[in-house]
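Numbering (the working numbering), first residue to last: 6 to 742. Note that CB positions come from ideal geometry on N, CA and C, so glycine has one too. What follows is one structure encoded as structure tokens, with my remarks underneath.
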Ligand code: GLC
């Protein structure tokens, strides 16, 4: 045994040494190259442009370090040759693109991926995206977006993982691993870019780019965790956000980019601005002009300038005027060169121009995209178990999203091709006898002219399936909404289908949580599908026919009304929590006394709570949680909480439940959330099957940034839930000494 252990030690040392040697080798190569560079060449590396052939002269002159938005491998090789074979030092370009939820094979939008609560599947999807994108020559993506989003009016909720820091971490780390793989120098490694650092999703009013007011404690407890975790998982780059936090635009915030990112977290990757976010500090009123903005950005810790052109125009003069040191420039250029060496670009700068079309839409890629679309769908309502519909039955299919191949791909699907999209209408024929009567041409269509035809056709159908939602353009960047109800005459269409007396199933294909409670009263079942991507139609058809069973869970709270925003499950209790005794608008008597309605935190019109809670999602079966126990009720900070429970499938179908573990810290040195997700697991059970399950939660996971801005577990009373959503289950009490 000793010999084996010794041999293992030798091997481990050898591996460790080789990794260290490689790292030393890279740092040594960076230094050697840096020594050869002129100031102009250094600044050229800090300049990123959205161009290919148009930038070939600048590239040949060493004035460009990276390009974005070029995906033709022939063009990429051409501009790469200009960098490698024509520029004085032959430094290869970083070729980048927003590969956000797939390249050619489009997966569900990231909020849909989060709904799967399946990090392994999300990692697989990111790997597929990397394989397809790198085959075109793209080696850097601006993903994952880690912005915590608590306000569905903000259009970019589509691109993130919702309102919970723990889920955000799991999804972000999965994407980083999927994009980058195990070997950065592998040609299929695509550098991840964690964005937007930081707090972009807290835009006041849910209006994109708006100001944010986030305390340091909230940054550390809510908005930082996923960034820190992804950096610990090896994320190679980070992007600064457009917004200001408490008056400081992130692109000029040295506390963020130097104190936190570099000194506290030890990040040695590369920092890029968002599109012209350096130049936008002029509009913010934080910089006088582009030269001033450039000085602020580089001194704050930015390495690369996306599309302000400020660095290439002004950095040299700033150094000559002593407003910028060449040491600061060197530090930025080291980060850029290190990334290029890590990606193996010096050894392998070009791409095989025949590869892209060979790997695009590979069957295994489409299969992964379909599985992701299946697992991302969330069953919100299923009255009288109308779903699944009987295979072979006759269904009337209508609604603007039934056959919208472009829209179904969702926002940030630049390189998806709608001709490859399988829409629900195309797929449903495999399971049903389909009568299709088009009614609304798109979500904002207000014409009810075709409704009568649909009502007539419904008479021949066993059920009606209405596909509603929103086009891709209605969510994503700069696309905020103040009203989240279904657009156009979609609600009227649902009501018209209700009038037929047939079972009505509504499928929502959208980029955000919409306020559809009023529509729920006009239908029997609702299946929610955040823009499901290329294979969404097949996935939805299988779900409607029961070939697949819904398992998705809400990554964001669904509101009754946009006026409730922002609302999130992990909120503080307040000093006057809702207690259910409140009087609502229609019950208020005349001359009601000033304090007679209930002085707690609620709305007179919509009451207190949302429509549906974070973590909610139904199945075609039911699950029962029982025998929940903790092995100890008094724990030390170094302990693990050993959780035991039974889960039973009490229905007739095999299905998967996303078991969720929540904790509450009852008393803290600052007020604490009423619940926090601390773990989840996907459990598949056959009909009638019971599994005894265990989960070990480290007490250290209960740590938070407290009143003294220390990251600690505070002793005291806690509660723990194991349930199928954030509003269910009975807590168990425990104490941490
Ligand atoms: C955009 C987005 C950012 C994206 C970048 C490049 O404005 O804010 O997420 O990666 O520009 O397209």
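- Task: Specify which residues have a beta carbon nearer than 5 Å to any heavy atom of the ligand GLC, listing them in chain order.
- Result: Counting only heavy atoms of the ligand GLC, the residues whose C-beta sits closer than 5 Å to one of them are, along the chain, 103, 147, 279 and 280.
- Please classify residue 53: does DSSP put it in a helix, a strand, or coil? Residue state, collapsed to three classes: strand.
- Task: My understanding is that residue 591 touches residue 605, with C-beta atoms under 8 Å, so please give their C-beta distance in whole angstroms.
- Result: Going by Cβ atoms, the distance from residue 591 to residue 605 rounds to 18 Å, so no, they are not a contact pair.
- Pick from 74, 154 and 94 that is closest to residue 571, judged by C-alpha positions: The option with the nearest alpha carbon to residue 571 is 154.
- Message: Do residue 312 and residue 260 count as a contact pair if the criterion is CB distance below 8 Å?
- Response: Going by C-beta atoms, residue 260 is not nearer than 8 Å to residue 312.
- Select from 240, 288, 180 and 227 the residue whose C-alpha is nearest the C-alpha of residue 247. With distances taken between Cα atoms, residue 247 lies closest to 288.
- Please state whether DSSP places residue 577 in a helix, a strand or coil. In this structure, residue 577 counts as strand in the three-state DSSP scheme.
- Query: Taking all protein chains shown into account, do 16 or more other C-beta atoms lie within 10 angstroms of the C-beta of residue 436, making it buried, or fewer, making it exposed?
  - Reply: It is buried - the Cβ of residue 436 has at least 16 other Cβ atoms within 10 Å.
- Message: How far does the alpha helix (DSSP H) with residue 319 in it extend, from its first residue to its last?
- Response: It spans 315-325 - the alpha helix (DSSP H) in which residue 319 sits, taken as one unbroken run.
- Message: Applying the 10 Å Cβ sphere with the 16-neighbour rule, what's the burial state of residue 729?
- Response: Classification of residue 729: buried, given that the 10 Å Cβ count is 16 or more.
- Query: Does any residue of chain C bring its CB to less than 8 Å from the CB of residue 129?
  - Reply: The chain labelled as chain C is not found in the depicted structure, where only one protein chain is given.
- Task: Return the Cβ separation of residue 688 and residue 721 in integer angstroms, given the expectation that the two are a contact with Cβ distance under 8 Å.
- Result: Going by Cβ atoms, the distance from residue 688 to residue 721 rounds to 31 Å, so no, they are not a contact pair.
- Can you check DSSP and say which residues form a bridge with residue 479? Per DSSP, residue 479 has no beta-bridge partner at all.
- Spatial neighbours of residue 615 in its chain, beta-carbon cut-off 8 Å, leaving aside the 5 residues before and after: Within the same chain, 562, 563, 564, 565, 569 and 572 come within 8 Å of residue 615 by CB-CB distance, once the 5 residues on both sides are set aside.
- Item | Status (buried if at least 16 other CB within 10 Å, exposed otherwise) for residue 446 | Per the 10 Å Cβ criterion, exposed.
- Distance CB(residue 238)-CB(residue 182) smaller than 8 Å: Contact: yes.
- Check each candidate in 124, 670, 102 and 159 and name the one with the smallest Cα separation from residue 145. Looking only at 124, 670, 102 and 159, the smallest Cα-Cα distance to residue 145 is reached by 102.
- If you draw a straight line from the C-alpha of residue 33 to the C-alpha of residue 350, how long is it? Put simply, the backbone Cα of residue 33 is about 16 Å away from that of residue 350.
- Which of helix, strand or coil DSSP assigns to residue 597: Judged by DSSP in its simplified three-state form, residue 597 adopts coil rather than helix or strand.
- Item | DSSP-derived helix/strand/coil call for residue 660 | Residue 660 sits in a strand when the DSSP states are folded into three classes.
- Query: residue 196: which of 559, 236 and 213 sits nearest, CA to CA?
  - Reply: Comparing Cα-Cα distances from residue 196 to each of 559, 236 and 213, the minimum goes to 236.
- Query: Secondary structure at residue 334, three-state DSSP: helix, strand or coil?
  - Reply: It is helical.
- Query: When DSSP labels each residue in this structure, what does residue 252 get in the three-state scheme?
  - Reply: Of the three classes helix, strand and coil, the one that applies to residue 252 here is coil, per DSSP.
- Item | Check: residue 510 C-beta below 7 Å from any heavy atom of the ligand NAD | This structure does not include the ligand NAD; its bound ligands are the ligand GLC.
- Message: Is the separation between the beta-carbon of residue 55 and that of residue 74 shorter than 8 Å?
- Response: Residue 74 sits close to residue 55, with the two beta carbons spaced by under 8 Å.
- Task: Can you have a look at residue 52 and say buried or exposed, based on whether 16 or more other CB atoms are within 10 angstroms of its CB?
- Result: Note on residue 52: 16 or more other CB atoms within 10 angstroms of its CB, so buried under the neighbour-count rule.
- Task: Could you tell me how far apart the beta carbons of residue 110 and residue 370 are, in whole angstroms, since I believe they sit closer than 8 Å?
- Result: Correct: roughly 4 Å between the Cβ atoms.
- Query: What does DSSP give as the partner residues of residue 107 in its beta bridges?
  - Reply: Answer by DSSP bridge pairing, in chain order: 111.
- Going by other Cβ atoms of all chains shown within 10 Å of its Cβ, with 16 needed for buried, is residue 713 buried or exposed? By the 10 Å Cβ count, residue 713 comes out exposed.
- Residue from 475, 717 and 176 whose Cα sits closest to the Cα of residue 5: Since the first residue of the chain shown is 6 and the last is 742, residue 5 is not available in this structure.
- Item | Contact between the stretch 503-518 and the stretch 532-551 (3+ Cβ pairs under 8 Å) | As far as the Cβ criterion goes, the stretch 503-518 touches the stretch 532-551, which means the pair count is three or higher.
- Query: Considering residue 182, what are the terminal residues of the beta strand (DSSP E) in which it resides?
  - Reply: Here residue 182 belongs to no beta strand (DSSP E); instead the alpha helix (DSSP H) covers 170-185.
- Message: Measuring alpha carbon to alpha carbon, tell me which residue in 385, 698 and 86 is nearest residue 617.
- Response: Taking only the C-alpha atoms, the option nearest residue 617 is 385.
- In terms of DSSP beta bridges, what is residue 645 paired with? According to DSSP, residue 645 bridges with 703.
- Message: Can you tell me whether residue 166 is helix, strand or coil according to DSSP?
- Response: Three-state result, residue 166: coil.
- Item | Boundaries of the beta strand (DSSP E) in which residue 71 is found, first to last residue | Element bounds for residue 71: 71-73.
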